[in-house]
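Undergrad:
Numbering (this note's numbering), first residue to last: 1 to 85.
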């Protein structure tokens, strides 16, 4: 299991760095990304960006893709997930 070290987080009154399981950090990150991707403001920004770039798309497809982020995340290779994290 991969471990992520951070000295920014501490336990209780101790100032010792804490180790967190990589999977725990990834799960928290994916949860937050899922929340962000479902935000109406993000959907509007993505649609506006695609329109500016001249891409042909259906708004319903964009909304569906953003709401199924976890499926897309699961299809990425671990190296791609690491790069995003």
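Just so you know, even glycine gets a beta-carbon here, dropped at the ideal spot from N, CA and C.
Select from 24, 49, 30 the residue whose C-alpha is nearest the C-alpha of residue 84.
TA: Among 24, 49, 30, the Cα nearest to that of residue 84 is on 30.
Undergrad: Does DSSP classify residue 53 as helix, strand or coil?
TA: Correct three-state label for residue 53: coil.
Undergrad: Tell me whether residue 1 sits in a helix, a strand or coil according to DSSP, three-state version.
TA: Residue confidence is low: residue 1 scores 46 on pLDDT, short of 50, so the model does not pin down where it sits. No coordinate-derived value is stated.
Undergrad: Can you give the Cα-Cα distance for residue 52 and residue 44, rounded to whole angstroms?
TA: Near 12 Å, if we compare the C-alpha coordinates of residue 44 and residue 52.
Undergrad: Strictly by DSSP, which residues pair up with residue 32?
TA: In the DSSP output, where bridge partners are listed per residue, residue 32 has none listed.
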